[in-house]
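First comes the structure, then the notes that go with it.
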Amino acid sequence: MVLLTIGALGLISACDIAVAETRSTFCFSEVKLGLIPATIGPFVIERIGATQCKRFFLTAEVFDAAKATSIGLVHEHTEDLFSLEEKLKNSFCQNSPSGMNASKYLINEVARRINSSGINEQLRILTAELLARQRGSTEAREGLASFLNKTKPSYNKS
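Taken in order, the sequence shown gives residues -20 to -1, 1 to 138; the numbers are from mature numbering (1 follows the signal peptide of the UniProt record, and there is no 0).
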């Protein structure tokens, strides 16, 4: 069993995709030391929300991988990390790098704007502009042509 604390939980919170081995346990233990999770706090709060942070930051309770999954700290937990890693790696290798990069930008920008002003006309315009820009990319044109021709695009490394 691995107990993940303090800095490790900040790193997990900053990851695009996080997984855990089923026997892993987690703890935000700073308050036991008279400290606060200030350095990792913004990342963790963004990841799991203020309500969950209040519970786990204030109690310093140890929780398991199932709980970490249910609160959104990790996406999934498994007995076989190697197989899951291979599955995810193969998924990434099939995708357009610029498409993934543009998708990450879209997610981050939309989330930021929703948090500040909700879904509005400016956000709809932004998403339409981002889609138009990505549709014009070399990888998108190749990906669509490959889909229509039932071939693999050059960026698909699987």
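Each residue gets a CB set at the ideal place from its N, CA and C atoms; glycine is no exception. Nothing here was measured: the structure is a model prediction, and the numbers come from that model.
- Around LEU(-12), the same chain offers PHE6, PHE8, ILE20, VAL24 as residues with beta carbons nearer than 7 angstroms, after the five sequence neighbours per side are excluded.
- For the pair GLN74 and ILE51, the CB atoms are not nearer than the 7 angstroms cut-off.
- Annotation: the continuous alpha helix (DSSP H) that includes GLU89 extends over 77 to 97.
- PHE23: member of the alpha helix (DSSP H) spanning 21 to 28, first to last residue.
- About 5 angstroms separates the CB atoms of THR2 and GLU59; that is less than 8 angstroms, so the two are in contact.
- Taking a cut-off of 8 angstroms for Cβ pairs, the stretch 98 to 116 and the stretch 70 to 87 touch, as three or more such pairs fall below it.
- A distance of 7 angstroms or more separates the beta carbons of SER134 and ASN70.
- Beta bridge pairing from DSSP links GLU119 with no other residue.
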